[in-house]
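Q:
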Amino acid sequence: MVLSTGTNKIKTAVFISGTGSNLKSLIKFSKLKKSPISINLIFTNNKLAKGLKYGEIFKIKKKIINYQNKEIAEKKILNELEKNKIELVCLAGFMKILSKKFIKNFKGKILNIHPSLLPKYKGLNTHERAIENKDIYSGCTVHFVNSKLDSGKIILQKKVNILKKDTPNTLGKRILVQEHKLYPKAILKIFSL
Ligand code: GRF
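Taking our numbering, I'd label the letters of the sequence shown as residues 5 to 197.
1) Find out if the Cβ-Cβ distance for the pair P123, H131 is shorter than 8 Å.
2) Taking the beta carbon of Y125 as the centre, do at least 16 other beta carbons fall within 10 Å, making it buried, or is it exposed?
3) With H, G and I counted as helix, E and B as strand and the rest as coil, what does DSSP make of I61?
4) Looking at the structure shown, is N88 part of a helix, part of a strand, or coil, going by DSSP?
5) Could you name each continuous beta strand (DSSP E) segment of 3 residues or more that falls completely within the region 84-128, going from the start of the chain to the end?
6) Look at the alpha carbon of L192 and the alpha carbon of T11, and state the distance between them as a whole number of angstroms.
7) In this structure, how does DSSP classify A53 when only helix, strand and coil are distinguished?
8) Using a Cβ distance threshold of 8 Å, determine whether the region 81-89 contacts the region 49-56, with at least three qualifying pairs required.
9) Taking the beta strand (DSSP E) that T16 falls in, what are its first and last residues?
10) In terms of DSSP beta bridges, what is I43 paired with?
11) I need the straight-line Cα distance from T190 to L92, nearest angstrom please.
12) Going straight from the alpha carbon of F62 to that of Q72, what length do you get?
13) Just to check, is the beta-carbon of I20 closer than 7 Å to a non-hydrogen atom of the ligand NAD?
14) On the three-state DSSP scale, how would you describe L160?
15) Which first and last residues belong to the beta strand (DSSP E) in which S3 is found?
16) Please list the terminal residues of the continuous alpha helix (DSSP H) segment that includes G176.
Dropping the structure here:
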């Protein structure tokens with residue numbers, strides 16, 4: 005495996021609220037020579053987010069943002085993004101919705117990963133809904149973020165079959181494995197255009 009030092013790569017911030025397994029996969033990807041990105045900042049609205057440990061393990065700057073007042077929170081984030089010359093934001097299980105103003109004011113790209121085949125099942129509880137509707141497959145999507153929830157231009161998707169015995173939990177776990185591959189692939193795709 006060829007590793008790179010991260011100089012000259014696209015400076016990226018990852019936003020998380022929970023486990024951070026996508027964050028971990030993005031960090032690992034960022035260290036490969038073929039990766040166009042480096043991960044320079046981790047933001048969270050949740051000081052208990054398990055994923056924060058990856059900041060410690062991989063020595064990446066972390067910022068915990070108090071979201072009691074969204075406008076102030078977003079101002080702080082934008083300020084940090086500018087200060088750190090961040091050009092790409094990857095949302096990865098971030099449970100807050102960015103305002104139109106934030107999206108407009110950030111002068112880079114914002115990506116998100118969503119656990120369904122968009123435009124199906126925007127929002128929460130995607131696996132429950134796919135199983136309830138007796139779908140035969142679901143999957144995951146990486147897309148650009150615009151001002152409408154889970155509605156920006158789709159970059160890549162991966163289908164995952166739904167098995168008869170699946171629960172939202174078992175399906176979610178299989179989809180997550182694919183998410184970890186899809187996010188890096190989508191980043192390679194947009195920066196090799
Ligand atoms: C993933 O399923 C992602 O698609 C969704 O939230 C989950 C985050 O998981 N937006 P993790 O924190 O990356 O493990």
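All C-beta atoms, glycine included, are put in the ideal place defined by N, C-alpha and C.
Treat the numbers as computed from the prediction; the structure is a model and nothing was measured.
A: The relevant details are as follows:
1) Along the sequence shown, read from residue 1 onward, the residue named residue 123 stands at position 119. Along the sequence shown, read from residue 1 onward, the residue named residue 131 stands at position 127. By the CB criterion at 8 Å, P123 and H131 fall outside the cutoff.
2) Here residue 125 refers to the residue found at position 121 of the sequence shown. So Y125 ends up on the buried side.
3) For this step, residue 61 is matched to residue 57 along the sequence shown. If DSSP states are grouped into helix, strand and coil, I61 belongs with the helices.
4) Residue numbering aside, residue 88 sits at position 84 when the sequence shown is read from its first letter. N88 falls in the coil class under three-state DSSP.
5) If one requires a minimum length of 3 residues, the beta strand (DSSP E) runs lying completely within the region 84-128 are 92-95 and 113-118, in chain order.
6) Numbered from its first residue, the sequence shown carries residue 192 at position 188. Numbered from its first residue, the sequence shown carries residue 11 at position 7. Taken atom to atom, the span from the alpha-carbon of L192 to that of T11 is near 17 Å.
7) Taking the first residue of the sequence shown as position 1, residue 53 is located at position 49. Residue state, collapsed to three classes: coil.
8) Contact between the region 81-89 and the region 49-56 is absent, because fewer than three Cβ pairs lie under 8 Å.
9) Locating residue 16 in the sequence shown gives position 12, counting from the first residue. Counting along the chain, T16 sits inside the beta strand (DSSP E) bounded by residues I14 to I20.
10) Here residue 43 is taken as the residue at index 39 of the sequence shown, counted from 1. Answer is T16, bridged to I43.
11) Position 186 of the sequence shown, counted from the first residue, corresponds to residue 190. Position 88 of the sequence shown, counted from the first residue, corresponds to residue 92. The sequence shown places Ala at residue 190, not Thr. Approximately 13 Å between the Cα atoms of the pair.
12) Within the sequence shown, residue 62 is the residue found at index 58, counting from 1. Within the sequence shown, residue 72 is the residue found at index 68, counting from 1. The straight-line gap from Cα to Cα measures roughly 29 Å.
13) The model depicted lacks the ligand NAD and carries the ligand GRF instead.
14) Here residue 160 corresponds to residue number 156 of the sequence shown, with the count starting at 1. If DSSP states are grouped into helix, strand and coil, L160 belongs with the strands.
15) The chain is shown from 5 up to 197; residue 3 falls before or after that span and cannot be answered.
16) The residue you call residue 176 lines up with position 172 of the sequence shown. Unbroken alpha helix (DSSP H) run through G176: P172 to F195.
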